[in-house]
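Engineer:
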DNA sequence: GCAGCATGTTACAATTCGTAAGGATTGCGA
DNA sequence: TCGCAATCCTTACGAATTGTAACATGCTGC
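Here it is, written out as structure tokens:
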């Protein structure tokens with residue numbers, strides 16, 4: 001498993017450099033952006049672990065961006081802002097941010113707060129081989145699903161990759177770009193249809209009603225959401 | 234599911250009261266302690282969701298306590314401290330604290346930061362998945378509406394975004410500009426008509442009489458207002 | 001009422017997605 | 001090497017979602 005990925009959005013080059021350097025020295029991968037639109041597009045592709053967002057960007061309202069990120073991405077969100085009023089901090093946090101750092105800041109504290117965010121929520125990763133959801137259990141070490149009625153349903157490697165991706169971020173939007181990234185598909189080709197087919201097959205194995213799937217929802221133009229509470233063992 | 238439990242450790246009675254009151258009003262259960270030994274014993278019995286710990290207690294070294302809590306309890310830990318040096322904050326966070334608040338603090342910010350910690354711990358999605366209004370219920374976790382007569386009405390992602398926006402601020406004017414922000418529409422384009430169409434489709438799903446909509450009122454020249462009492466679960 | 005604009009609705013087209021059918025690839029045993 | 005089976009991708013076409021254009025309706029101030 002590679003180093004955690006930190007996405008940085010700030011319009012001041014100096015601050016971008018400072019953050020990227022401090023986080024890089026701490027062993028993280030970083031990606032920096034100066035404009036919100038680029039930033040948001042990149043998020044959908046790469047699914048970073050933590051987002052550092054500077055409020056008060058010129059080209060968009062930062063709080064709306066934070067709200068969207070909180071709803072749609074699984075990343076932890078840390079706001080960096082020059083606005084020091086309590087009310088600013090409260091609304092930022094209520095909109096879904098996980099932390100709020102005031103400028104000027106010390107890079108060491110930023111690194112510490114990023115580490116604190118990563119510590120929590122890092123459940124998956126090591127010996128997790130079985131996941132339960134909605135009466136099903138997926139055994140990745142044996143390549144089988146156990147249906148709620150006890151029936152054994154085998155699944156292939158490709159199907160397992162998709163299922164694992166969903167089970168690792170349940171109730172979160174997973175974009176097609178993220179899937180391609182995770183499943184090693186080259187971009188730009190007609191790999192899209194292959195993706196569809198994998199999903200389709202997985203759905204039939206999960207007893208989904210094709211017209212009205214309960215577990216794997218399609219978000220038109222965006223990706224998929226796996227709608228279930230998942231419990232890894 | 235009962236209200237989340239917040240354990241508070243502070244040696245100043247005034248601060249204990251202030252925190253307990255603010256958190257109580259926000260809907261949390263609280264338990265306050267003045268000495269670390271009592272506090273630690275209680276933690277083992279009641280397993281709180283969040284611990285608020287004041288450093289600099291007389292009877293023990295606070296950082297050691299934080300470290301033990303981080304290792305042994307599953308609770309989120311928020312340090313409250315009068316020591317404002319960056320180095321203090323960094324070591325507190327490195328030892329396992331999830332957040333670090335400096336005295337003097339505003340109770341509203343403490344509440345917001347407690348909420349932020351609970352959001353991430355709570356599997357995903359913050360629990361806000363079902364809203365009831367006027368006999369309807371909107372299930373955002375299943376992408377369906379349940380009509381007052383029990384009929385199931387599916388809705389798409391775009392429709393759901395609009396509906397969620399209304400349900401999150403009922404009886405309040407929502408301007409078109411706000412919608413564009415929240416729904417991620419690029420500004421300046423002819424996105425206006427698209428907005429209208431979304432509203433129109435949503436209205437038909439909600440059985441609105443086109444000539445006389447009861448739920449989604451148009452405020453000419455300003456925006457829309459959702460007229461219903463909303464109850465989130 | 002009328003002019004001028006804001007909003008509602010409908011029909012249509014572009015895009016995106018689902019899946020059945022068939023072909024390529026791989027692995028395995030005879 | 002050949003045949004067979006399993007797996008996976010591609011093709012092709014139908015279905016669903018969404019935005020846009022065009023037109024209809026409604027609001028506001030004169």
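Protein chains in written order, with our numbering: chain R, 1 to 233; chain V, 234 to 466.
Think of the CB as a built atom: it goes at the ideal place given N, C-alpha and C, for glycine as much as any other residue.
1. Since residue 224 of chain R and residue 174 of chain R should fall inside the 8 Å C-beta cutoff, what is the C-beta to C-beta distance between them, to a whole number of angstroms?
2. Under 8 Å, Cβ to Cβ, is there at least one residue of chain R near residue 453 of chain V?
3. Check the DSSP bridge columns for residue 385 of chain V and list the partner residues they point to.
4. Specify, as a first and last residue, the run of the beta strand (DSSP E) that residue 54 of chain R falls within.
5. Can the beta-carbon of residue 79 of chain R be found less than 8 Å from the beta-carbon of residue 114 of chain R?
6. When you compare the CB of residue 217 of chain R with every CB in chain V, is at least one pair closer than 8 Å?
7. Verify the CB distance criterion: does residue 58 of chain R have a CB-CB separation below 8 Å to chain V?
8. Could you tell me how far apart the beta carbons of residue 463 of chain V and residue 108 of chain R are, in whole angstroms, since I believe they sit closer than 8 Å?
9. At which residues does the alpha helix (DSSP H) containing residue 238 of chain R begin and terminate?
10. Below 8 Å on the Cβ atoms is my contact criterion, and I expect residue 81 of chain R with residue 103 of chain R to pass it. Report the Cβ-Cβ distance as a whole number of Å.
11. In chain order, what residues of the same chain have a beta carbon less than 7 Å from the beta carbon of residue 222 of chain R, not counting five sequence neighbours either side?
12. Less than 8 Å between the C-beta atoms of residue 283 of chain V and residue 350 of chain V, yes or no?
13. Taking only beta-carbon atoms, is residue 384 of chain V less than 8 Å away from chain R?
14. Can you give, in chain order, each stretch of the alpha helix (DSSP H) that sits fully within the segment 67-109 of chain R and has at least 4 residues?
15. From the DSSP output, in three-state form, read off residue 280 of chain V for me.
16. Helix, strand or coil: how does DSSP classify residue 364 of chain V here?
17. I'd like to know whether the C-beta of residue 84 of chain R is nearer than 8 Å to at least one C-beta of chain V.
18. Assign residue 242 of chain V to one of three DSSP states: helix, strand, or coil.
19. Would you kindly report the start and end of the unbroken alpha helix (DSSP H) that includes residue 158 of chain R?
20. In this structure, does DSSP put residue 138 of chain R in helix, strand or coil?
21. Under DSSP, the beta strand (DSSP E) around residue 405 of chain V begins and ends at which residues?
22. Expressed to the nearest angstrom, what Euclidean distance is found between the alpha-carbon atoms of residue 413 of chain V and residue 289 of chain V?
23. On a Cα-Cα basis, can you pick out the residue from R:46, R:14 and R:209 that is closest to residue 6 of chain R?
24. Please classify residue 454 of chain V: does DSSP put it in a helix, a strand, or coil?
25. When the cut-off is 8 Å and only beta carbons count, does residue 7 of chain R lie next to chain V?
26. Can you say whether residue 99 of chain R is buried or exposed, counting buried as having 16 or more other CB atoms within 10 angstroms of its CB?
27. Please report the straight-line C-alpha distance between residue 253 of chain V and residue 94 of chain R, rounded to a whole angstrom.
28. Just to confirm my understanding: we take residue 415 of chain V, look at its own chain, exclude 5 residues before and 5 after, and list those with CB closer than 8 Å. What are they?
29. Output needed for residue 75 of chain R: all residues of its chain with C-beta closer than 8 Å, excluding positions within five of it in sequence on either side, in chain order.
Structural biologist: Let me lay it out:
1. Their Cβ separation, rounded to whole angstroms, is 5 Å, which keeps residue 224 of chain R and residue 174 of chain R in contact under 8 Å.
2. Interface criterion not met: the Cβ of residue 453 of chain V is under 8 Å from no Cβ in chain R.
3. Beta-bridge partners of residue 385 of chain V (DSSP): V:379.
4. Judged by DSSP secondary structure, residue 54 of chain R falls within the beta strand (DSSP E) whose first and last residues are 50-54.
5. In this structure, residue 114 of chain R does not lie closer than 8 Å to residue 79 of chain R by Cβ.
6. Chain V, which has a Cβ nearer than 8 Å to the Cβ of residue 217 of chain R, makes this yes.
7. Unreliable placement is indicated for residue 58 of chain R, whose pLDDT of 49 sits below 50; no coordinate value is reported for it.
8. About 44 Å; that fails the 8 Å criterion.
9. This structure cannot settle anything about residue 238 of chain R, because the visible part of chain R is limited to 1 through 233.
10. Contact flag correct, Cβ pair sits at about 7 Å.
11. 173 and 175.
12. Inclusion of residue 283 of chain V and residue 350 of chain V in the CB contact set at 8 Å is warranted, their separation being smaller than that value.
13. Judged by the 8 Å Cβ criterion, residue 384 of chain V is not in contact with chain R.
14. Listed in chain order, the complete alpha helix (DSSP H) runs (minimum 4 residues) inside the segment 67-109 of chain R are 86-94.
15. In the three-state scheme derived from DSSP, where H, G and I count as helix and E and B as strand, residue 280 of chain V is classed as coil.
16. Here DSSP, grouped into helix, strand and coil, assigns residue 364 of chain V to strand.
17. For residue 84 of chain R, the answer is no, since every Cβ of chain V falls outside 8 Å of its Cβ.
18. Correct three-state label for residue 242 of chain V: strand.
19. Residue 158 of chain R -> alpha helix (DSSP H) spans 157-168.
20. Strand, per DSSP.
21. It is not in any beta strand (DSSP E) - residue 405 of chain V carries neither H nor E in the DSSP assignment.
22. In this model, residue 413 of chain V and residue 289 of chain V are separated by some 48 Å (Cα to Cα).
23. Each of R:46, R:14 and R:209 was checked against the Cα of residue 6 of chain R, and the nearest Cα belongs to R:46.
24. Coil, per DSSP.
25. Chain V, which has no Cβ nearer than 8 Å to the Cβ of residue 7 of chain R, makes this no.
26. With a threshold of 16 other beta carbon atoms within 10 Å, residue 99 of chain R meets it and is buried.
27. Going by the C-alpha atoms only, they are around 20 Å apart.
28. Answer for residue 415 of chain V: 394 and 398, listed in chain order.
29. Around residue 75 of chain R: 7, 43, 47, 48, 49, 50, 51 and 69.
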